[in-house]
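Protein chains in written order, with UniProt numbering: chain E, 1 to 428; chain X, 1 to 428.
We put the CB at the ideal spot given by N, CA and C, even for glycine.
2 protein chains.
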Amino acid sequence: MHVDIGNALAEVATPGVSEAALERLDAEVADAHETIAAGMSNAVFGYASLNLPETTSASGIERAVADVDADAVLTVGIGGSALGARTVTAALGEPEHYVLDNVDPEHATRLLDSLDLPRTAVNVVSRSGTTAETLANFLVVREAYEDAGVDWTERTAVTTGETGPLADLADAEDLPTLAVPEGVPGRFSALSAVGLVPAAILGHDAEAVLAGAREARDTLSGSLFDCPAYAYGAVAVALERRGAHTNAFVPYAEALEPFAEWFAQLWAESLGKEGQGQTPARALGATDQHSQLQLYRAGRHDKVVTLLRATERDDRAIPDTDVEGLAYLGDATLGELLDAEFEATEASLAAARQPNVRVEVERVDARGVGDLLFSFEAACVLAGELMGVETFTQPAVEWGKNAARGLLGAGETEEAAAVRGKREYRIE
Amino acid sequence: MHVDIGNALAEVATPGVSEAALERLDAEVADAHETIAAGMSNAVFGYASLNLPETTSASGIERAVADVDADAVLTVGIGGSALGARTVTAALGEPEHYVLDNVDPEHATRLLDSLDLPRTAVNVVSRSGTTAETLANFLVVREAYEDAGVDWTERTAVTTGETGPLADLADAEDLPTLAVPEGVPGRFSALSAVGLVPAAILGHDAEAVLAGAREARDTLSGSLFDCPAYAYGAVAVALERRGAHTNAFVPYAEALEPFAEWFAQLWAESLGKEGQGQTPARALGATDQHSQLQLYRAGRHDKVVTLLRATERDDRAIPDTDVEGLAYLGDATLGELLDAEFEATEASLAAARQPNVRVEVERVDARGVGDLLFSFEAACVLAGELMGVETFTQPAVEWGKNAARGLLGAGETEEAAAVRGKREYRIE
């Protein structure tokens, strides 16, 4: 991964970072890197995530699911138990990975009705084995297989912690079982079985994903000037300190749309703490130039726009046309059009002094997505250090979980009582 | 559509709006409504959009495409020429509407390879008939049909302005042609042929969409206290004035995910002007509780969270389980779980004094999506009046268009030269 921070400099953008400020920031990066490197060495909770490219065994995952014979995979998980896996298969161009990561009954019914169940493997993922949405969906999926006369036990793989209801179930039914790695929060687990099982079941090269991640890991160093991942994380924090409270994340590749969703969780849940944290706003290039660009150029100067693209791709020529006014497209390819729009958008933001950062990978493929996943995790860990937040926890979501449990009759909770006391002000 | 603004009140949230401030705001709403009503009466550019539920003829659209015999539709358009149509078919639960609204060559190839072209209609949409992305894609699509030996002229419908290359083409090939309505910007055109053709080709009830929109139009009045759409728009502006610079838009229904994208264009492109405008951050409930909620609760108080749900749906029981710790789910349905999470999230935001607004429709169906589309358009027009911006233009996107044209060889432009002068600062 390469990063170009030219359009985040104070000479170009407002807010922007001066070169002198970057030098000062680099001293902070050096300190943060020491903490991170020590955390990796000692496999400290959270920091251990950055060891996954080394500690995950692709062949081990492939062996575990070798007997799962399927043309499609249905992942049942939510948050970090789904986004990483979907990111990987999307980048691989794999269309037969479906995800049930919501508890919307109409959607569940439509999805299950559309699948060829005898040819579809089920991939259930929950560290605790008790995640309400995941277990509820799994019960629904199991029933759908049974109703269709299809034996789910022959085509289900489980990724979970060492103990818990899912581990017990996998044991009782003799299901292939993969471990959620120790010391790794869900949103940092894409480079483990949590993110790689669907790709492995569908015959993709999981090892290549890890190899791409290892290349990124080898760039980690004590200076933002030598490490693209740290450069991204450091500049994002520097801009946030100067008022860029939103990170508009815009991949110019449809196959990276799930990566933008994965980034949104990583960034929001890791850094959204103590009144800090950039709000990730997901978009897609070039499509959303026709949707968000007006605001990004002419709105407040409270955003950094992250523009992400691949520098190589399978291109496709635009056929010649005799349509007047379009002749200029005639010699171009779709890829050249996409690149022209990328660079035009980048420059148009700079012309409005709106800060933006260019991120490039060679290709959207197994290696490329491994590189991106690791690099943005490292960027996020660095950002957390610079911001002084607890990167690896998510304490603010517990309140809602307690409330939902209470509402569903698991016993009255203080939080459920607060839900019932809502201040209503309805406009009919 | 109903709106509950209780959690946007100053007694609950920071920022928040006091009841006294709401009363003062209502005087501004009354003035704005006069402008809007006059604009509608005189079919003034932009305001004319709010007449579409009356002026669009569903039967006219249905007649125009009656001879297009297809099981699937491929829409070729971008921005407002695609998002509305996709929003409508998604809300109708129609899986056979595909959209080519990007110029990503790998995606175009994958999509075209996956379609059964003899059974797929093509729906090309561009007001000017010269939109670069749309015409480039249409040329690619045409070639794919020809390569497959399928006559595209028998299954293509065109929606465009009165003149232009697409109108000429439709004339030459005798294609069904629908008019982009006069005085209606793309992002406000969902309730016209621009948004309804794919649904009509696939046999859905376009008239029911318009009927839902008419119900919403009948609520327009001079007071936010009597009109849910105006209540939403007014409270959003009041919160923006008090620092809520992001609008996190969270439907709790997978079938409304495209609606959130449509909203993001509407809000960003209409209101993102002169250093103003909320940044739309799209999310999806309940899924993104496991992604964004940590930030929304514990981050800056610079957001309003819009929580949208249907109050009726086709539900699905969660099968009984003997799994310990999940017994509390046993008597519930997926819908009850979803509602519990909706209300828990809403209350958890309020407990953190983060402002949020509840929006409800009866069902996600033709009537419901018509209601939502019209209501949010009206909310946006009102917001634009209160903010004093030019709601119906998007001047900031021209710079990038000129740059891209220059880069592709349509003749050197000042903007293209600026692209070539980029300030580089690469971290390798």
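Item                                                                                                                                                                                         : Value
How would you list, in chain order, the residues of chain X whose beta-carbon sits under 7 Å from the beta-carbon of S348 (chain E)?                                                         : W399, G400 and A403
In the structure shown, what three-state DSSP assignment does residue 429 (chain E) receive?                                                                                                 : The displayed coordinates of chain E run from 1 to 428. Any statement about residue 429 (chain E) would go beyond what the structure contains.
What residue from X:E240, X:E269, X:R316 and X:F225 has the CA that sits closest to V105 (chain E)'s CA?                                                                                     : The displayed chain sequence assigns Pro, not Val, to residue 105 (chain E). Cα-wise, what sits closest to P105 (chain E) is X:R316.
On the DSSP bridge list, what partners appear for D4 (chain X)?                                                                                                                              : E:R426 and X:R358
Determine which residues share a DSSP beta bridge with T160 (chain E) and list them.                                                                                                         : E:S126 and E:A179
Where does K401 (chain E) fall in DSSP's three states?                                                                                                                                       : helix
Compare the C-beta of G275 (chain X) against all C-beta atoms of chain E and say whether one is closer than 7 Å.                                                                             : yes
Mind reading off the beta-carbon distance from G129 (chain X) to T160 (chain X)? Whole number of angstroms is fine, and I expect it under 8 Å.                                               : 5 Å
Listed from N- to C-terminal order along the chain, which residues in the region 211–227 of chain X have their beta-carbon within a distance smaller than 8 Å of any beta-carbon of chain E? : L224, F225, D226 and C227
With DSSP collapsed to three states, give me the class of R142 (chain E).                                                                                                                    : helix
Which of the three DSSP states is assigned to A310 (chain E) in this structure?                                                                                                              : strand
Go ahead and label E146 (chain X) buried or exposed: buried means 16 or more other beta carbons lie within 10 angstroms of its beta carbon, across all protein chains shown.                 : exposed
Can you give me the start and stop residues for the alpha helix (DSSP H) that T219 (chain E) sits inside?                                                                                    : Element bounds for T219 (chain E): n/a, residue is neither H nor E.
Would L50 (chain X) pass as a contact of M40 (chain X) if the rule is Cβ separation under 7 Å?                                                                                               : yes
Which runs of the alpha helix (DSSP H), 4 residues or longer, sit entirely within the region 315–376 of chain X?                                                                             : 334–351
Starting from the N-terminal side, write out each stretch of the beta strand (DSSP E) that is 3 residues or longer and does not extend beyond the region 50–110 of chain E.                  : 72–76 and 97–100
Is the Cβ-Cβ distance between V76 (chain E) and V3 (chain E) less than 7 Å?                                                                                                                  : no
Exposed or buried, which one is R127 (chain E) when buried takes at least 16 other CB atoms within 10 Å?                                                                                     : buried
L224 (chain E) by DSSP, collapsed to three states: which one?                                                                                                                                : coil
Measuring only the C-alpha atoms, how far is L135 (chain E) from E390 (chain E)?                                                                                                             : 28 Å
From E:A64, E:W152 and E:A70, pick the residue whose C-alpha is nearest to that of A193 (chain E); which is it?                                                                              : E:A64
Assuming R282 (chain E) is part of the beta strand (DSSP E), what are its boundary residues?                                                                                                 : T279 to R282
Could you spell out where the beta strand (DSSP E) holding P251 (chain X) opens and where it closes?                                                                                         : T246 to P251
Return the residue from the list E:T131, E:R353, E:V250 and E:G79 that minimises the CA-CA distance to Q289 (chain X).                                                                       : E:G79
L178 (chain E): which of E:A229, E:P228 and E:E62 sits nearest, CA to CA?                                                                                                                    : E:E62
Put T120 (chain E) into one of helix, strand or coil per three-state DSSP.                                                                                                                   : strand
Between which residues of its own chain and A90 (chain X) is the CB-CB distance below 6 Å, once the five residues before and five after are set aside?                                       : A255 and P258
I'd like to check one pair, A253 (chain E) with A310 (chain E): are the Cβ atoms closer than 7 Å?                                                                                            : yes
Going by C-alpha to C-alpha distance, which of X:D314, X:T345 and X:A13 sits closest to A286 (chain X)?                                                                                      : X:T345
Provide the residue span of the alpha helix (DSSP H) that contains S41 (chain E), from first to last.                                                                                        : E19 to S41
Using a Cβ-Cβ distance under 7 Å, would P198 (chain X) count as near chain E?                                                                                                                : no
Does the region 84–101 of chain X come close enough to the region 216–224 of chain X that 3 or more CB-CB pairs lie under 8 Å?                                                               : no
Could you check whether A213 (chain X) and F342 (chain X) sit closer than 7 Å to each other, using their CB atoms as the reference points?                                                   : no
Can you name the residues that DSSP bridges to V305 (chain E)?                                                                                                                               : E:A248 and E:N356
Can you find the residues in the same chain that come closer than 8 Å, C-beta to C-beta, to I201 (chain X), ignoring five residues on each side of it along the sequence?                    : V65, V68, A70, V73, A121, N123 and A157
Quick one: what's got a C-beta closer than 6 Å to R353 (chain E)'s C-beta in the same chain, skipping five residues either side?                                                             : A13 and T14
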